Amino acid sequence: MAHAFIAGSDRPEKTVIRAGFMPLTDCASLVMASVLGLDDKYGIKLELARQHSWSGMRDRLLQGEIDAAHVLYGLLYGVENGIGSPPTRMAVLMNLSRNGQAITLSRALASQGVTDLGTLAAAMRKGTRRYTFAHTFPTGNHALFLYYWLAAGGIDPVRDAQVVTVPPSQMAVNLAAGHMDGFCAGEPWSARAQLDGSGFTVATSQDIWRDHPGKALGATAAFVDANPHACRSLIAAVLEAGRWLDESPAHRDVAAEVLSSPAYVNADRRAIAARLHGDYDNGLGKRWIDPDPVRFHDEGEANFPYLSDAMWFMTQHRRWGLLRDDVDYAAVAARVNRVGLYREAAVLAGVPASASLMRRSVLMDGKVWDGLEPDAYISSFPIRRTALAGA
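Residue 904 in this note's numbering sits at position 96 of the sequence shown, and the numbers go up by one each step.
Shown next as structure tokens:
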């Protein structure tokens, strides 16, 4: 396979890139970039390292034990802003996927008549105990989607519930053991709970925010600044892998087989494949083909590092009191999201790139997010844990 960079000023500064990933379906484009040899096409070699927890992933990134990672978008911005760890400059190279996460509730709740957000809220108001829900990392996507969903139903996730952190691969087993009432996590672990009968899918993440950003390809700013050509090669290789995944159902079948192996997700192929194709069974008798399944490319739209996406995560950190002070949301996002480097890589891979840095989204409660007036957006939520200056 011909190399895109083999000599001259564009040669990657580092040819072996150690990349961390979590055992989740949406690591697919990073894994397939290696399996398909797309890394070699761009003059690099991916050494993939499976991680066991998001905190471990964060620590290995910060300590330089891994160079880049399939990582929670919200985690990167938590580190950038010093939430739960010393502030460290981080970089978002690209978005790896859209959609495809889920909120799962226990079958025990279903037997008590809880089948949706409304009946859950009613049961919690009547109940004599505090319900327990799990997410995967305090500043991460799943925590923020879970909080958003609960609050949209009138449930204050901080005051009205107990929230715990559990590694994604341990969600289904802990739900089956009765340690929690529900969880929000990436696939295939919601599908696993549905298949083993311990839980049912009460909402997909695309129900909460259609075409939301999923995991990011992230690194420390120091690594990117020292190795821009290597990072450009990495982005291009992963872009090609994402395009390959979205090209045909057959390619997703191949990916499901690869991901099911012990080296990667180490899960039943059935749990991976169905939702990879958008084929959902909620565990209570409802089946559907989701019009907005996980997407890894979507003509480049799923990958572009929109500043408004990054800003949304920071608004939710601020909403829930994780981010204690006001920040210049647009300026921080412009610093962290390496849009220029992404656009260079997109040209190399033949992928269209948005001319706009912002996009407009409508979430489950009808609220519009477009990256404009973030303070007003935060203050518009009746349930929040922080007061804004001047609000």
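We put the beta carbon where it would ideally sit given N, CA and C, even for glycine. Remember, predicted model here, so these are calculated numbers, not experimental data.
In this structure, DSSP gives Thr833 a helical state, which the three-state scheme calls helix. Taking the Cβ atoms as the reference, Ser919 lies roughly 14 Å from Gly990, outside the contact range of under 8 Å.
Close CB contacts of Ala1064 within its chain, under the 6 Å cut and outside five residues either way in sequence, are with Arg1077, Ile1080, Ala1081 and Leu1084 (chain order).
In the DSSP annotation of this structure, the continuous segment of the alpha helix (DSSP H) that includes Asn982 starts and ends at Met979 to Ala984. Only exposed fits Asn1074, as fewer than 16 other CB atoms lie within 10 angstroms of its CB. Cβ contact annotation for Met932 (same chain, cutoff 8 Å, sequence separation greater than five): Tyr939, Ile963, Asp968 and Ala969, in chain order. By the 16-neighbour rule on beta-carbons within 10 angstroms, Ser1069 is exposed. Here the C-alpha atom of Gly908 lies approximately 25 Å from the C-alpha atom of Ala985. Residue ranges of uninterrupted alpha helix (DSSP H) with 4 or more members, entirely inside the region 960–1043 and ordered along the chain, are 979–984, 997–1004, 1013–1016 and 1029–1034.
In this structure, DSSP gives Leu1084 a helical state, which the three-state scheme calls helix. The beta carbon of Val1176 lies closer than 8 Å to those of Arg1168, Ser1169 and Val1170 in the same chain, with the five residues before and after it left out. Around the beta carbon of Ser1041, 16 or more other beta carbons lie within 10 angstroms, which makes this residue buried.
Taking a cut-off of 8 Å on C-beta distances, the region 921–930 does not touch the region 1130–1139, as fewer than three cross pairs fall below it.
The straight-line gap separating the alpha-carbon atoms of Pro1057 and Tyr1088 is approximately 15 Å. In the DSSP assignment, Ala857 falls outside any alpha helix (DSSP H) and within the unbroken beta strand (DSSP E) covering Lys853 to Arg858.
Restricting attention to Trp1120, Glu1152 and Ala1161, the CA atom closest to the CA of Ala1141 is found in Trp1120. Leu880: member of the beta strand (DSSP E) spanning Ala876 to Leu880, first to last residue. Per DSSP, the unbroken beta strand (DSSP E) holding His943 starts and ends at Tyr939 to His943. In this structure, the straight-line span from the alpha carbon of Asp1134 to that of Arg1126 is close to 8 Å.
Contact between Gln1014 and Asp1100 holds: their C-beta atoms lie close to 4 Å from each other, under 8 Å. Where Gln909 is concerned, the enclosing beta strand (DSSP E) starts and stops at Gln909 to Ser914. The beta carbons of Pro1113 and Val1147 sit closer together than 8 Å. About 7 Å separates the beta carbon of Arg906 from that of Pro1021, a gap short enough to meet the 8 Å contact definition. Restricted to the region 1131–1171, the alpha helix (DSSP H) segments that are unbroken, complete and at least 4 residues in length are 1137–1144 and 1147–1157, listed in chain order.
The C-beta of Leu856 has 16 or more other C-beta atoms within 10 Å across all chains shown, which makes the residue buried. Taken atom to atom, the span from the alpha-carbon of Leu1047 to that of Ala1071 is near 22 Å. From the listed residues Thr896, Asn889, Gly845 and Met902, the smallest Cα separation to Arg1151 is found for Met902. Of the other Cβ atoms in all chains shown, fewer than 16 fall within 10 Å of the Cβ of Glu1055; this residue is therefore exposed. Using a Cβ distance threshold of 8 Å, Ile874 and Ala1045 do not count as a contacting pair. Pairing Asn1090 with Leu917, the inter-Cα distance amounts to about 14 Å. Gly948 sits in coil when the DSSP states are folded into three classes, being neither helix nor strand. By the C-beta criterion, the region 867–884 is judged not to be in contact with the region 969–979, since fewer than 3 inter-stretch pairs fall below 8 Å. Counting of Cβ neighbours within 10 angstroms places His860 among the exposed residues, the total staying below 16. Annotation: Arg819 to Ala1038 spans about 8 Å, alpha carbon to alpha carbon. Rounded to the nearest angstrom, the gap between the Cα atoms of Ala899 and Ala942 is 27 Å. By the neighbour-count definition (other C-beta atoms within 10 Å, threshold 16), Lys849 is a buried residue.
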